[in-house]
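Novice: Protein chains in written order, with our numbering: chain A, 1 to 115; chain B, 1001 to 1113.
Here it is as structure tokens:
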């Protein structure tokens, strides 16, 4: 069964600083990988996804992530954080299932942005 | 942009009562899902629904839970006899054909007292 580890429960950065959120997964084959963001009281919004191809994936809001098979990682990065990026970030791994997939989510990393 | 909607946003119920959580998926989507998130914990898969039947369910989705697509637009999750531990945020999601992203609704916060 697949699993996801987000080792950082909280991350605090200053506005304008760079950001990297860590995600490690366990899955026997090439996974589908996702990063979602959840703002307070909101649902989950997909930031980016990796299905195949280029291992550096660009997403919305200036985020990117790199799939590293050798490290079983899919870390999320942003070169310059904005105060509005403060939210909960979830990494997920999905196993193909017919025409669908079921994502397994990590516990999330809470991003705090200082002015 | 089309979006998944859920009603109500917050539901308070007493233990043992039945609740129905409602979702309107994106109109041309074919796959429908329910997830839950207990406060402070990870999002957990409950059930997926395709072609008018359950295609996959987790061990959480026991006999107390059921899903239905009563018409062409709604997708519901019923909990027959709620327990305190059912208190959580419940998310609906939908997806089109093929391996594309699931779109999540804003969630229904269920509080069982």
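Glycine included, each C-beta is placed from N, C-alpha and C at the ideal position.
Computed from a predicted structure; not experimentally measured.
Can you tell me which of B:1039, B:1015, B:1042, B:1090 puts its alpha carbon nearest to the alpha carbon of residue 1076 of chain B?
Specialist: Measuring from the Cα of residue 1076 of chain B, the nearest candidate turns out to be B:1090.
Novice: For the segment 83 to 109 of chain A, which residues have a CB atom closer than 9 Å to at least one CB atom of chain B, in sequence order?
Specialist: Going along the segment 83 to 109 of chain A in chain order, one finds 90, 92, 94, 96, 97, 98, 99, 100, 101, 102, 103, 104, 105, 106, 107, 108 with a Cβ nearer than 9 Å to chain B.
Novice: Tell me residue 95 of chain A's beta-bridge partners as DSSP assigns them.
Specialist: Answer by DSSP bridge pairing, in chain order: A:102.
Novice: Between the segment 1 to 13 of chain A and the segment 90 to 97 of chain A, do at least 3 Cβ pairs fall closer than 8 Å?
Specialist: With the cut-off at 8 Å, the segment 1 to 13 of chain A and the segment 90 to 97 of chain A touch.
Novice: Using the Cα positions of residue 1043 of chain B and residue 109 of chain A, report the straight-line distance between them to the nearest angstrom.
Specialist: Using only the alpha carbons, I get a separation of about 13 Å.
Novice: In chain order, what residues of the same chain have a beta carbon less than 6 Å from the beta carbon of residue 107 of chain A, not counting five sequence neighbours either side?
Specialist: Result list for residue 107 of chain A: 6, in chain order.
Novice: Might you give, ordered along the chain, the residues of its own chain that have their beta carbon closer than 6 Å to the beta carbon of residue 1097 of chain B, omitting 5 neighbours on each side?
Specialist: Answer for residue 1097 of chain B: 1030, listed in chain order.
Novice: For residue 42 of chain A and chain B, any beta-carbon pair shorter than 8 Å?
Specialist: Closer than 8 Å to some Cβ of chain B, the Cβ of residue 42 of chain A qualifies, so yes.
Novice: Which of the three DSSP states is assigned to residue 58 of chain A in this structure?
Specialist: Residue state, collapsed to three classes: strand.
Novice: Cβ of residue 76 of chain A less than 8 Å from any chain B Cβ?
Specialist: False, the Cβ-Cβ gap to chain B never drops below 8 Å.
Novice: If you follow the beta strand (DSSP E) that residue 52 of chain A is in, where does it begin and where does it stop?
Specialist: Unbroken run through residue 52 of chain A: none, as it is neither H nor E.
Novice: In whole angstroms, give me the CA-to-CA distance for residue 53 of chain A and residue 35 of chain A.
Specialist: If I take the Cα positions, the gap works out to 17 Å.
Novice: Give the C-beta separation of residue 13 of chain A and residue 19 of chain A to the nearest angstrom, bearing in mind that I take them to be a contact with Cβ-Cβ under 8 Å.
Specialist: Indeed, because the Cβ distance is near 6 Å, the residues count as touching under 8 Å.
Novice: List in chain order: all unbroken beta strand (DSSP E) runs of 3+ residues lying wholly within the segment 1043 to 1085 of chain B.
Specialist: Runs of the beta strand (DSSP E) inside the segment 1043 to 1085 of chain B: 1043 to 1050, 1053 to 1057, 1065 to 1068, 1075 to 1079.
Novice: Would you mind sorting residue 111 of chain A into buried or exposed? The rule is 16 or more other CB atoms within 10 Å of its CB.
Specialist: So residue 111 of chain A ends up on the buried side.
Novice: Check this for me: beta carbons of residue 78 of chain A and residue 63 of chain A, under 8 Å apart or not?
Specialist: Yes.
Novice: Given that residue 1106 of chain B touches chain A, what residues does it touch there, using C-beta distances under 7 Å?
Specialist: Those within 7 Å of residue 1106 of chain B in chain A are 42, 43.
Novice: Keeping to the same chain, check which residues put their C-beta closer than 6 Å to that of residue 1002 of chain B; ignore five residues upstream and five downstream.
Specialist: Excluding residues within five positions, the ones whose Cβ falls inside 6 Å are 1026.
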